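Let me begin by presenting the structure, written as structure tokens, before commenting on it.
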Amino acid sequence: MDLELFADYHQIHLIDDGSTSDLGEAWTGEASVDRLAVAADAIAVGTSVNVTVAVRVEVLDAPPADDFADFDHVVEGSMQVPSGRIVIMGCTDYEPDAARFRVPVGPVRVRVASSNLAEAERLGLDSDEAQQTMERLRVQVWPAPTGEPVVLKRWKPSVA
1 MDLELFADYH
11 QIHLIDDGST
21 SDLGEAWTGE
31 ASVDRLAVAA
41 DAIAVGTSVN
51 VTVAVRVEVL
61 DAPPADDFAD
71 FDHVVEGSMQ
81 VPSGRIVIMG
91 CTDYEPDAAR
101 FRVPVGPVRV
111 RVASSNLAEA
121 ERLGLDSDEA
131 QQTMERLRVQ
141 VWPAPTGEPV
151 VLKRWKPSVA
């Protein structure tokens, strides 16, 4: 599934369909630096820009291969999905209209790989004017026991 989502407040949300978690409480200092805030049945992904980002969602049967070389920042976290459906949306989007995708009921692991961050950060508010300059996120979800959030590759922007 390919989407374009408005990353208002520099974030997108993945929540169980029916979640009542408050992701605002999950944004700790560490979560902000890691670009990943985790609640029991929800995950917020931090973005570099506060505009539209390109998002690809992949539902897998097993953990994906480690292809980190193709991405700038890669994080993983776990969430519970009792409904078997994940809602994906910008944090200020209207939830009833948001995209949904099916996953196995129970705990899942979510890996988010971000790319094109240097170009998106350079252009800022104008980064969403063309596919070539948009921040891109690949979201991979698979059934897995609950585990701690982890940064698998950390974005280190160059200082001008």
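Just so we're aligned, residue 1 is where the sequence shown starts under this note's numbering, counting upward by one. Note that the Cβ used here is the ideal one computed from N, Cα and C, for glycine as well. In this text, all values refer to a predicted model and were calculated from it rather than measured experimentally.
Under DSSP, no beta-bridge partner is assigned to R154.
Judged by DSSP in its simplified three-state form, S114 adopts strand. Considered as a whole, the stretch 69-109 harbours 73-81, 85-90 and 99-102 as its complete beta strand (DSSP E) runs of no fewer than 3 residues, in chain order. A39 and E58 have their alpha carbons spaced roughly 21 angstroms apart. When the five nearest sequence neighbours on each side are left out, the beta carbons in the same chain lying within less than 8 angstroms of the beta carbon of L117 are those of S48, D72, H73, E135, W155 and P157, in order along the chain. By the CB criterion at 9 angstroms, D16 and I88 fall outside the cutoff. When C-beta atoms of the stretch 19-32 are compared with those of the stretch 101-113, fewer than three pairs fall below 8 angstroms, so the two segments do not count as touching. For T20, the secondary structure class from DSSP, reduced to helix, strand or coil, is coil. In the assembly as shown, V81 is a buried residue. Its beta-carbon has 16 or more other beta-carbons within 10 Å. The beta carbons of D67 and S115 sit about 11 angstroms from each other, so the pair does not count as a contact at 8 angstroms.
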